[in-house]
Amino acid sequence: MKQIALALLCALPMLGLGQSSALTTQLYDTYENYKEGSIGKRRIKRADIQPLIATYRSNPKFKVSTVGRSIGGKELSLISLGTGDVNVFLWSQMHGDEPTATQAIFDILNFFDSKDFKEEKEAILSNLSIHFLPMLNPDGAELFQRRNLLGIDINRDALRLQSPESKTLKRVRDSLAADFGFNLHDQSTYYNAERTDKPATISYLAPAYNYEKDINEVRGNAMKIIVFMNSILQKYTPGQVGRYNDDFEPRAFGDNIQKWGTSTILIESGGYPNDTEKQEIRKLNYVSILSAIYTIAKQNYKEIAIGEYEKIPENDRKLFDLKITNASYNLMGNSYKIDVGIHQVEVDYADHNSFWYSSRILDQGDLSTYYGYETLDATGYTIKQATAYPKTLNTLNEVQSLDFGQLLKDGHAYVRMSTIPAKQLNSPFPVHLIGANYKIPELKLQPGINPTFFLEKDGRLEYAVINGFLVNLSQSNIEVPNGMIYK
Ligand SMILES: [Zn+2]
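This note's numbering numbers the first residue of the sequence shown as 51 and each following residue consecutively.
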C-alpha cells in the first residue's frame, strides 16, 4: 500500500498537480480558521444548520433556494455560488445518521465566505458553479437513523422516486445538468483497507452505470478525481483509504446520476482511531473535497491515469473496537485458547442528541484475520468471571463514593442496589448496577453477550473488560463511559 501512495504522491508534480498539492497543505494547516464551531458532534439536526443557512441567504456572495421539503416538512436548501459553466453538485446525509460531510460542507462555505485564498477562489468561482444540498434527509437526522420517515432507504428510491427527498435530489440534479456530483455519506467504522489493520477512514466509489461496469468519459472523470483525492489523503492518513465494490445497483442514486451524465464521486466517511465524533474525518473531507473542486476548476485532473483507481485497496469489514487475542478460557474443566472481538455499540437517548454504550461480543475463536482499533495480546492470561461488590447500596451517591479502581482489582464489576432509580437507563459508573434480587449469570462467552470479565495472570487480575472497554488495572485511569443496569 505504501508503495502505491508514494508513487502517487511523486506522480503529482509530473501531472501538473503540484499547485493543487500546495493548496492542500495550506488548507490542512489553516483548517481551524474555517471550521464551523456550532456543529461539533455527529447528532446534528436541521435546527442546527438552519441559522447557518439563514446567514447565507442574506449574504450576496451566495444564492440560497428552498428546493423541496422532507416528508416531515423540513426545508431542503440549495446553496450556490460561482459563475462558471461547469456545474458541481454536492449533496450530503441522504442517510440521516451520516452527518460528517454535512459538517464539512459548512466548513467549505466558511472558506468561500472568508477573504483568504483570493487567487484560488477566483480560479474556482470563475470556472465553476458550485451547489450544496446539505442534509437531504433531515427527518432521519432528527432521529439519527438511516431511513426517512417513510421508512425507506432514499438511496434505493432513484427510480421509483416515492419520497419527496428523492424527487428533490433528482430534480435538482436534472435542473443543473451537473457535470460533477459528490454523493456524501458515512460508512461503518468497522471497515478497513483490505488485508490491513488500517481503518478505511475514507472510502471512494465511482459508481458503475451498468452491469458491465463500463468506463465511459463520465465515469472515467469520476475515477480520476478519486485518484487525486486518494493521493491527498495518503499524505495525512497513509493506508487508510478504501475503494467500494462497484457492482451496479440499479436503484441507487450514485449509479443513476452517473448514468444521467454527471461524473459521480461517492465519498464514505468511516472510522479514525479515537475520533468518536469524527471531527478529524470531517477535516479530511474539507481538505480533500476543496482540493478536488480546485482541480476540477483547473482541469488538471484530466491527465491522471484511470488505471490508478483500481490500485486503491478494496474495502473490507474486519475491524473490532477491541480485539483480545490468545486468552485462556476455561470451560467444563478444560482450557481453550480464544480470541474475542468486541463492538462498543451506541444506543441513543430518547432525544437522539447523545448516546450511551451497550457493547457486545461480535465474534470469538480464531480471529487472526481480523483487526482492532485497540488490541490486547492476552497470551498467558486467563478469562475470569466478574463478581458483585459484597455490600448492597441504597443511592447513586453511595455508589459514586466507591473506589472503583479497588473494586475492579478485587474482581467486582457489579454493584448491587436496594432500588435502582426508575429513570436510570445505564450505570454512569465503570461498573454495572444490579437490582436487589438479580443473579449474576455464570460467564459463558458467546457472541451477543455484554463483554464483562477479568484477565488474570499468575493469580493476579491485571485487566478488566467492562461493557466492552478495556481497563489496565495497574493504571489509575478507568476509561469506561458507562456500565449497564440489570434489574
Ligand atoms: Zn449512506
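Every residue, glycine too, gets a C-beta built ideally from N, C-alpha and C.
Span of the alpha helix (DSSP H), counted from its first residue to its last, around residue i
i, result
"PHE161", "150-163"
"ALA486", "Note, ALA486: premise wrong, no alpha helix (DSSP H); not H, not E."
"PHE454", "454-459"
Endpoints, the beta strand (DSSP E) within which residue i is located
i, result
"LEU126", "125-131"
"ILE388", "384-393"
"ARG466", "462-467"
"LYS373", "369-381"
"SER526", "Neither: SER526 is in no beta strand (DSSP E) and is coded neither H nor E."
"ILE252", "252-255"
Residue j beta carbon less than 7 Å from that of residue i
i, j, result
"PHE161", "TYR84", "yes"
"LEU457", "TYR439", "yes"
"GLY289", "THR246", "yes"
"ASP147", "PHE194", "yes"
"ILE129", "PHE112", "yes"
"LYS459", "LEU523", "yes"
"THR239", "GLY118", "no"
"ALA347", "ILE174", "yes"
"ASN198", "GLU215", "yes"
"GLY461", "LEU511", "yes"
"GLU424", "LEU372", "yes"
"ILE356", "VAL390", "no"
"TYR536", "ILE499", "no"
"ILE528", "PHE454", "yes"
"SER468", "ASN487", "no"
"ASN242", "TYR421", "yes"
"VAL277", "ILE354", "yes"
"ALA463", "ALA436", "yes"
"SER120", "ASP189", "yes"
"SER477", "GLY518", "no"
"SER563", "MET279", "Because residue 563 is not part of the residues shown, which for the chain are 51 to 537, the question remains open."
"TYR261", "GLN308", "no"
"SER408", "VAL397", "yes"
"MET144", "LEU186", "yes"
"THR74", "ILE282", "yes"
"ALA208", "ASN335", "no"
"ARG223", "PRO149", "no"
"ARG466", "THR442", "yes"
"LEU200", "SER213", "yes"
"GLN414", "LEU475", "no"
One or two residues paired with residue i in a DSSP bridge
i, result
"TYR359", "DSSP lists no partner for TYR359."
"LEU493", "Note: LEU493 sits in no beta bridge, so no partner."
"PHE504", "LYS434 and ALA514"
"TYR536", "ILE484"
"ALA243", "ASN365"
"THR471", "At residue 471 the sequence reads Pro, which differs from the Thr that was named. The partner list for PRO471 (beta bridge, DSSP) is empty, contrary to what the question assumes."
"PHE519", "ILE516"
"PRO249", "ASN242"
"SER477", "GLY533"
Residue i at chain B interface by Cβ criterion, 7 Å
i, result
"LEU200", "This model lacks chain B altogether; it includes just one protein chain."
Scan the segment 395-451 and note each continuous alpha helix (DSSP H) run of 4 residues or more that stays entirely inside, going in chain order. 446-450
I want to know whether the segment 262-270 touches the segment 330-345 - three or more CB-CB distances under 8 Å. no
Just list the beta strand (DSSP E) runs in the segment 260-336, keeping only unbroken ones of 3 residues or longer that don't cross its boundaries, in chain order. Here the runs fully enclosed are 291-293 and 313-319.
What residue ranges within the segment 71-142 form continuous alpha helix (DSSP H) runs of no fewer than 4 residues, ordered along the chain? 96-107
The segment 292-305 in contact with the segment 126-140 per 3-pair CB rule at 8 Å: Verdict: no, contact absent.
Would you call the segment 311-328 and the segment 251-264 in contact, with 3 or more CB pairs under 8 Å? yes
Those runs of the beta strand (DSSP E) which lie wholly inside the segment 168-239 and span at least 3 residues: Taking only runs of at least 3 residues, the beta strand (DSSP E) segments lying wholly in the segment 168-239 are 178-183 and 230-236.
May I ask you to verify whether the segment 448-456 touches the segment 372-382, counting CB pairs closer than 8 Å and requiring at least 3? Cβ pair count under 8 Å is below three, so no.
Is the number of C-beta pairs between the segment 193-210 and the segment 356-368 that are closer than 8 Å three or more? no
Would you list the residues whose beta-carbon is nearer than 6 Å to any heavy atom of ligand 3, in the order they occur in the chain? Ligands present in the displayed structure are limited to ligand 1, and ligand 3 is not among them.
Take every Cβ of the segment 149-163, pair it with every Cβ of the segment 177-189, and state whether three or more of those distances are shorter than 8 Å. yes
Stretch pair the segment 383-399 + the segment 333-343: three plus CB contacts closer than 8 Å: no
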